[in-house]
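Chains as they are written, first to last, in the numbering used here: chain Z, 1 to 381; chain A, 382 to 762.
Backbone N, C-alpha and C define an ideal beta-carbon position, used for all residues, glycine too.
Computed from a predicted structure; not experimentally measured.
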């Protein structure tokens, strides 16, 4: 049995989620657009699932557009306007790629990965229409001060009205990594658009959503039969959306207890590793960080070798984000927070989740300490 | 137990498909981009599934872009260029909507729903870059002469080369409705791009693909982590694609026998209904029609009333395409083939599938004859 410490890359489908999805594979397989009663029931259950999701984030079901995952959702958000956009320097590749289709500013972050709201303010131009800041970073776990950025946006909007500048200014956040650990209520976050991904909270892959406030003028990217209020066509993923509703509801319900539990395990693991290797570098904001995230660098070591060494010991960890992992490139996040190459290249991302218990982190600590020691001896560090 | 005769709208997940998908929900849930062996195995199995699908349609796996269903696939195809496009007047709404983003010509069809290749030829302009013709119509089942259209395209390409016109000319086909009943080998079809949908062949919803020949210059619609060779980002739907591979392989394997079986049942049903109602109108090409399709109109009756009447008898049928069904609009397909309003409004689409047996069609015939007779008596027809 492996010890899986890469929950930020993928999560197994929860039993309750799969159980909720099962009926929609074969028994209730109907097209929700068909007119007869069994299909109308499927439609109703699909809409009920959306309402359940909407309740978790405090919005109306009609403000949710279901998508095939977070990446599509982010692309849809970035398609809602044209002009200048602002993102943080440590955004996920999907945000970087979507932003690259616009004139954009990448705002630098502090060494702990935090965005300074004042830097956002300085970057805003008269033609800036979108600011997209991930709620929590997928590599180092730093949580961003979204509500403070939202305050600034509110001020700028008021100034624009006074000046007669009709350019809208939206705040979007990819909250995929925060689901199940952070409050996702959009009013409290202060966002106009929010991206969520079922696959990060023990739901199915390729199921996600974009919340967009009514003020946002979305442009459909995928046109056709007019599903999702015409904003995203295609026969609905009934099983997937019903699965996402269960996954998100469950994750949100158990959130407070899970954050305490994961934070405790993570802190123990961090303390043990730092105790063994005082030279190790912990990245991410130590106060405002995802409870399950531990990003640790062993300067001078080769993280890829560590990943494979740990794998032979049954411990599965990541070198960086899973997306960038098999491309052999250095993480832009680690460069942005100012890690030198020797430190960045020796970085492991350990992310804990539902299946992680005390025994798992205890054993993981032993294995990591042994493996890092072995590698240090090998390279003479 | 209902008698389901709406297989063109949705199909239940096949047991073997679900069995093949199950391991990837929880046991093998890894992100295919992660570096450790269990994830690499998932990557390999995902690629093997693509290779299996590629073999069915006679292409290389690298020429397949997995999408969240047919609609996304069609949108991706229509995004591969700019200029004039040609479609048939009876295309699915997703093709109509995608075409509406370009200057386009809708070529008229014959009363049996067939596209005349000569009409396509006449519609081609020097700036035409795409011709998109569905392999088989989802409402009336007519199969189009794609290979003859491909021949014309070949000639035009040769002429363009001679003239120094460098505009490419691609043939795209949405073959979603043909899978499991028709040969999908792209060389024999003569297409440059092909759209398929798992949900129409007892596979999962929101799983589809676009085949594109290497000569086609696709533009990614969804950008991000660079999955699907950069043409469609987002963590892969491992379970879904593995399910599609099983679904498509099975459907193709049993195709010849199933076409004979369904054609026989459909012809019996058609004969019984025509025998009872000689005034009924059968639409679609009687020779070149999907074996499971029966489109029948009862002039002067209200198809929606028939659908609900039949539903109370346990027979589930459609009035038109499922997508248009609950919008209360008249089908553009029926208008295009020249049905007058009184005939179009009395149309049922009966589509047979794997679960349809002799008993089902026998009983369906009895119920339809009773219900149509009752409605005829009611309106005094």
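Residue i: which of the options sits nearest, CA to CA?
i	options	result
residue 243 of chain Z	Z:12, Z:4, Z:8	Z:12
residue 757 of chain A	A:744, A:710, A:679	A:679
residue 694 of chain A	Z:29, Z:219, Z:36	Z:36
residue 581 of chain A	A:401, A:538, A:628	A:628
residue 263 of chain Z	Z:287, Z:241, Z:221	Z:287
residue 618 of chain A	A:412, A:397, A:435	A:412
residue 151 of chain Z	Z:225, Z:120, Z:17, Z:331	Z:120
residue 459 of chain A	A:480, A:444, A:473, A:497	A:480
residue 762 of chain A	A:674, A:660, A:729	A:660
residue 398 of chain A	A:746, A:542, A:615, A:622	A:622
residue 3 of chain Z	Z:76, Z:373, Z:357	Z:357
residue 433 of chain A	A:475, A:630, A:422, A:446	A:630
residue 535 of chain A	A:552, A:455, A:446	A:552
residue 658 of chain A	A:443, A:713, A:456, A:746	A:746
residue 642 of chain A	A:730, A:605, A:742	A:742
residue 666 of chain A	A:410, A:520, A:462, A:729	A:520
residue 605 of chain A	Z:97, Z:220, Z:102, Z:137	Z:97
residue 1 of chain Z	Z:379, Z:315, Z:338, Z:332	Z:315
residue 228 of chain Z	Z:25, Z:23, Z:76, Z:26	Z:76
residue 176 of chain Z	Z:239, Z:73, Z:33	Z:73
residue 489 of chain A	A:539, A:462, A:719, A:670	A:719
residue 676 of chain A	A:714, A:574, A:639, A:443	A:714
residue 730 of chain A	A:674, A:759, A:712, A:760	A:674
Determine which residues share a DSSP beta bridge with residue i and list them.
i	result
residue 670 of chain A	A:523
residue 106 of chain Z	Z:87
residue 574 of chain A	A:553, A:593
residue 24 of chain Z	Looking at the DSSP assignment, residue 24 of chain Z forms no beta bridge with any residue, so it has no partner.
residue 778 of chain A	Look at the range of chain A in this structure, 382 to 762, and you will see that residue 778 of chain A is not part of it.
residue 447 of chain A	A:590
residue 6 of chain Z	Z:351
residue 136 of chain Z	Z:143
Is there contact between the region 682-691 of chain A and the region 538-552 of chain A, where contact requires at least three CB pairs shorter than 8 Å?
Under the three-pair Cβ rule at 8 Å, the region 682-691 of chain A does not count as touching the region 538-552 of chain A.
Any contact of the region 724-739 of chain A with the region 668-687 of chain A, i.e. 3+ C-beta pairs under 8 Å?
Contact between the region 724-739 of chain A and the region 668-687 of chain A is present: 3 or more CB-CB pairs across the two stretches fall below 8 Å.
Tell me, please, whether the region 69-82 of chain Z touches the region 196-208 of chain Z by the rule of three or more beta-carbon pairs shorter than 8 Å.
The region 69-82 of chain Z makes contact with the region 196-208 of chain Z: 3 or more CB pairs, one atom from each, lie closer than 8 Å.
Quick check: the region 252-260 of chain Z against the region 460-472 of chain A, are at least 3 beta-carbon pairs closer than 8 Å?
Contact between the region 460-472 of chain A and the region 252-260 of chain Z is absent, because fewer than three Cβ pairs lie under 8 Å.
Residues of the region 472-487 of chain A with a CB closer than 9 Å to any CB of chain Z: list them in chain order, please.
For the region 472-487 of chain A, the set of residues with a beta-carbon nearer than 9 Å to any beta-carbon of chain Z comprises 473, 474, 475, 476, 477, 478, 479, 481, 482, in chain order.
So, do the region 143-151 of chain Z and the region 118-133 of chain Z have three or more beta carbon pairs nearer to each other than 8 Å?
The answer is yes - the region 118-133 of chain Z touches the region 143-151 of chain Z, with three or more Cβ pairs under 8 Å.
Residues of the region 396-409 of chain A with Cβ closer than 8 Å to any Cβ of chain Z, in chain order:
So the list reads 396, 399, 406, 407, 408, given in the order they occur along the chain.
Inter-stretch contact at 8 Å, needing at least 3 Cβ pairs: the region 384-399 of chain A / the region 729-741 of chain A
The region 384-399 of chain A vs the region 729-741 of chain A: in contact.
Members of the region 202-230 of chain Z that neighbour chain A once the beta carbon cut-off is set at 7 Å
Here the close residues are 205, 206, 221, 222, 223, 224, 225.
Counting Cβ pairs closer than 8 Å, one from the region 267-286 of chain Z and one from the region 367-375 of chain Z, do we hit at least three?
With the cut-off at 8 Å, the region 267-286 of chain Z and the region 367-375 of chain Z touch.
Residue ranges of each alpha helix (DSSP H) run of no fewer than 4 residues wholly in the region 672-700 of chain A, ordered along the chain?
Secondary structure within the region 672-700 of chain A: the alpha helix (DSSP H) runs of 4 or more consecutive residues, fully enclosed, are 684-693 (chain order).
Between the region 588-602 of chain A and the region 487-499 of chain A, do three or more beta carbon pairs fall short of 8 Å?
Cβ pair count under 8 Å is below three, so no.
Secondary structure, alpha helix (DSSP H): runs of 4+ residues fully inside the region 325-357 of chain Z:
DSSP runs (the alpha helix (DSSP H)) wholly in the region 325-357 of chain Z: 332-336, 341-344.
Give the residues from the region 516-530 of chain A that approach chain Z closer than 8 Å (Cβ to any Cβ), ordered along the chain.
Cβ contacts with chain Z come from no residue of the region 516-530 of chain A.
Determine which residues of the region 227-253 of chain Z have a Cβ less than 8 Å from any Cβ of chain A, and write them out in chain order.
Against chain A - using a Cβ distance shorter than 8 Å - the residues of the region 227-253 of chain Z are 233, 234, 235, 236, 237, 238, 239, 240.
Which runs of the alpha helix (DSSP H) fall wholly inside the region 257-285 of chain Z and span at least 4 residues, in chain order?
Counting only runs of 4 or more residues that sit fully inside the region 257-285 of chain Z, no alpha helix (DSSP H) segment turns up.
Residues of the region 343-367 of chain Z in Cβ contact with chain A at a cutoff of 8 Å, in chain order, please.
Those residues of the region 343-367 of chain Z that come within reach of chain A (Cβ to Cβ, closer than 8 Å) do not exist; the list is empty.
Would you check if the region 182-189 of chain Z and the region 43-57 of chain Z touch, i.e. whether three or more CB-CB distances between them fall below 8 Å?
Yes, the region 43-57 of chain Z touches the region 182-189 of chain Z.
Whether or not the region 170-183 of chain Z and the region 44-54 of chain Z are in contact is what I'm after, with contact meaning three or more pairs of Cβ atoms, one per stretch, closer than 8 Å; do they touch?
No: fewer than three Cβ pairs fall under 8 Å.
With 8 Å as the limit, tell me which residues of the region 449-472 of chain A have their beta carbon closer than that to any beta carbon of chain Z; keep them in chain order.
Cβ contacts with chain Z: 449, 450, 451, 452, 453, 455, 456.
Using a beta-carbon distance cut-off of less than 8 Å, what residues from the region 676-689 of chain A approach chain Z?
Look at the region 676-689 of chain A: the residues with a C-beta under 8 Å from a C-beta of chain Z are 685, 688, 689.
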